[in-house]
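This report concerns only the one structure given below.
2 protein chains.
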Amino acid sequence: MEQRLAPNTKLSEARLCETFGVGRMRVRRALLLLSSQGIIELQSNRGAYVACPDKSEAHDVFAARMLIEPPLVRQLAQSSDEIDLTVLIDHIALENAARAQNERTEIIRLSGEFHTKLAQATGNKFIFRMMRELVTRTSLIVGLFGSSENASCPDDEHSNILKAIVSHSPELAEQLLISHLNHIQSGLDMEARQEPQDDLAAILGSD
Amino acid sequence: MEQRLAPNTKLSEARLCETFGVGRMRVRRALLLLSSQGIIELQSNRGAYVACPDKSEAHDVFAARMLIEPPLVRQLAQSSDEIDLTVLIDHIALENAARAQNERTEIIRLSGEFHTKLAQATGNKFIFRMMRELVTRTSLIVGLFGSSENASCPDDEHSNILKAIVSHSPELAEQLLISHLNHIQSGLDMEARQEPQDDLAAILGSD
DNA sequence: CAGATGACGATTGTTAACAATCTTTGTCAA
DNA sequence: TTGACAAAGATTGTTAACAATCGTCATCTG
Numbered sequence: 001m002e003q004r005l006a007p008n009t010k011l012s013e014a015r016l017c018e019t020f021g022v023g024r025m026r027v028r029r030a031l032l033l034l035s036s037q038g039i040i041e042l043q044s045n046r047g048a049y050v051a052c053p054d055k056s057e058a059h060d061v062f063a064a065r066m067l068i069e070p071p072l073v074r075q076l077a078q079s080s081d082e083i084d085l086t087v088l089i090d091h092i093a094l095e096n097a098a099r100a101q102n103e104r105t106e107i108i109r110l111s112g113e114f115h116t117k118l119a120q121a122t123g124n125k126f127i128f129r130m131m132r133e134l135v136t137r138t139s140l141i142v143g144l145f146g147s148s149e150n151a152s153c154p155d156d157e158h159s160n161i162l163k164a165i166v167s168h169s170p171e172l173a174e175q176l177l178i179s180h181l182n183h184i185q186s187g188l189d190m191e192a193r194q195e196p197q198d199d200l201a202a203i204l205g206s207d
Numbered sequence: 208m209e210q211r212l213a214p215n216t217k218l219s220e221a222r223l224c225e226t227f228g229v230g231r232m233r234v235r236r237a238l239l240l241l242s243s244q245g246i247i248e249l250q251s252n253r254g255a256y257v258a259c260p261d262k263s264e265a266h267d268v269f270a271a272r273m274l275i276e277p278p279l280v281r282q283l284a285q286s287s288d289e290i291d292l293t294v295l296i297d298h299i300a301l302e303n304a305a306r307a308q309n310e311r312t313e314i315i316r317l318s319g320e321f322h323t324k325l326a327q328a329t330g331n332k333f334i335f336r337m338m339r340e341l342v343t344r345t346s347l348i349v350g351l352f353g354s355s356e357n358a359s360c361p362d363d364e365h366s367n368i369l370k371a372i373v374s375h376s377p378e379l380a381e382q383l384l385i386s387h388l389n390h391i392q393s394g395l396d397m398e399a400r401q402e403p404q405d406d407l408a409a410i411l412g413s414d
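Chains as they are written, first to last, in the working numbering: chain A, 1 to 207; chain B, 208 to 414.
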């Protein structure tokens, strides 16, 4: 969930085994699950490779989010009384703290997590799972195509969206989120893809 | 994809092995994938059981579909020129044929597939995968809570939705789909759950 | 007789050796 | 030098035996 592995990196079973100190069975099981989530790609008899989304896939991810998230925040804004949003308020604080200290990695992670928690706030397991998958993929894409500076979400758009939700302004919340997604997408440079550096442990936390 | 297994049925590895004539590895891999899709539930050291959605899960599934599908068909209706809808037209024909011959199993299967193909028509891999998962879960639920007669989708609502799409009527298409989902949901009897009969091969087609 | 206890059988989880496939490297010939 | 070909090495896929866990049933005790 942390985006720290160069796309197309080969994940050899043997290496993963000794890295995590587990048997090959566990590794293979984890790889299968990751591939079912589209995070890695399993090539028969050739090994596992970190997914490398292309331009078209990036477009699809944002199209899917543009389809789901606006109605989602609209719904949240309509029924935000029965819903616990303290988690999100705390989350905004975390984001600000990370931004204050300029911890780029943490900022990116938290930026994605905001949207995931937004979905989680609906209390709907399926909506949550769908958004988590889309956010994960978005992180991959931002890591690939994002320019170094504004790779994270623009400063306090999250805060504004949350404010619109708690103040029961569905239209405003929806509009802010649409703008937000557009900002993220337009912050990408679809041509020159840059390689992030390695760091195994992060993405494979789920043994 | 066929809903032919009583929920809570235990899927023993040994039995699956000899049923499909494959090694235990293949079976375990398939079970893991099915569990990641929420179709079965893996209990540690206790085996795999067909998922048994409860009232609350059923509610969540329909809420999720209600969130996604209306914007989806609206979008399809707006941009249906650049999109190939012949698959869906053919599909309607298949549905009618099955309905004419009163093949209940086939009707249910095709009814779900209509919605999946609707998502596929967007050409968006992620939207397709999300809808397929939701439709699969819906099939489980309809099989559990659906009364025997109207378990399938009402007669030609699919046809009307498709017509609205091809005639570029986003609002109409959206409204028809909402009604359609409501019809399905209100056709469920959330109290008395009835047991479908067994039939292994269907759901596990993906070895 | 009710409940607890322990052994047995069945099922799942794991490991390690084996087989199959792919990649690389080295050799040879054009 | 370049290309094809073949052998060696490395990696993945599979199988089968072993270990661990769970459920059941019989037995024992209060």
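For glycine and all other residues, C-beta sits at the position ideal for the given N, C-alpha and C. Fair warning: this is a prediction, and the values are worked out from it, not measured in the lab.
Residue contact with chain A for Val342/B: absent (no Cβ-Cβ distance below 8 Å to any residue of chain A).
Beyond the five residues adjoining it in sequence on each side, Gly47/A comes within less than 8 Å, by CB distance, of Lys10, Leu11, Ser12, Glu13 in the same chain, given in chain order.
Boundaries of the beta strand (DSSP E) around Ala255/B: 254-257. Chain order gives the chain A residues near Pro278/B as Leu67, Pro71, where near means a beta carbon separation below 7 Å. Counted as a single uninterrupted DSSP element, the beta strand (DSSP E) harbouring Ile247/B occupies residues 247-250.
At a cut-off of 8 Å, the C-beta of Val268/B has a neighbouring C-beta in chain A. Sequence-distant Cβ neighbours of Arg137/A in its own chain, meaning closer than 6 Å and more than five residues away, are Val61.
One thing to note: Asp288/B has its Cβ no nearer than 8 Å to the Cβ of Phe352/B.
Bounds of the alpha helix (DSSP H) holding Met66/A are 55-78. For Ser35/A, the uninterrupted alpha helix (DSSP H) segment begins and ends at 24-36.
Spatial neighbours of Leu388/B in its own chain (CB-CB distance under 8 Å, excluding positions within 5 residues in sequence) are listed in chain order as Phe269, Arg272, Met273, Glu276. Short of 7 Å from the beta carbon of Glu106/A, and not among the five residues preceding or following it, lie these beta carbons of its own chain, in chain order: Ala98. DSSP places Gly228/B outside both helix and strand once states are collapsed to three, so it counts as coil.
Arg29/A reaches chain B at Leu239, counting residues in chain order whose Cβ is nearer than 8 Å. Put simply, the stretch 317-324 of chain B does not touch the stretch 37-57 of chain A. Fewer than three CB pairs are less than 8 Å apart. Asn331/B counts as buried, since no fewer than 16 other beta carbons sit within 10 angstroms of its beta carbon.
Judged by beta-carbon spacing, Ile348/B lies within the 8 Å limit of Ala265/B, meaning their Cβ atoms are closer than that value. Nearest Cα to Asn215/B within the set Gln392/B, Glu381/B, Gly350/B: Gly350/B. With contacts defined as CB atoms closer than 8 Å, Val73/A and Ile127/A fail to qualify as a contacting pair. In the three-state scheme derived from DSSP, where H, G and I count as helix and E and B as strand, Gly112/A is classed as helix.
With respect to the 8 Å criterion, Ser346/B and Ile391/B are not classified as neighbours on the basis of their beta carbons.
Cβ-Cβ separation between Ile385/B and Leu283/B: approximately 14 Å, too far for a contact (criterion under 8 Å). Contact annotation: His158/A and Glu103/A have beta-carbon atoms that are not nearer than 8 Å.
A residue is called buried when at least 16 other Cβ atoms come within 10 angstroms of its Cβ; Ile40/A meets this threshold and is buried. Look at Gly143/A here: in three-state DSSP terms it is helix. When C-alpha distances from Leu85/A are compared across Ala93/A, Ser36/A, Ala121/A, Leu5/A, the shortest belongs to Ala121/A.
Within the same chain, Val268, Ala271, Arg272 come within 7 Å of Leu341/B by CB-CB distance, once the 5 residues on both sides are set aside. Identification of chain B residues near Met130/A by a Cβ-Cβ cut-off of 7 Å yields Met337, ordered along the chain. Contact note: Asn331/B reaches chain A through Asp60, Ala63, Ala64, using a C-beta cutoff of 7 Å and chain order. Per the C-alpha coordinates, the member of His91/A, Ser111/A, Gln78/A positioned closest to Ser169/A is Gln78/A. Annotation for Asp90/A: the continuous alpha helix (DSSP H) segment containing it runs 86-100.
Under the three-state reduction of DSSP output, Leu177/A falls in the helix class. Between Leu33/A and Ser243/B, the C-beta spacing is below 8 Å. For Ser251/B, the closest alpha carbon among the candidates Lys262/B, Ser263/B, Arg235/B is that of Arg235/B.
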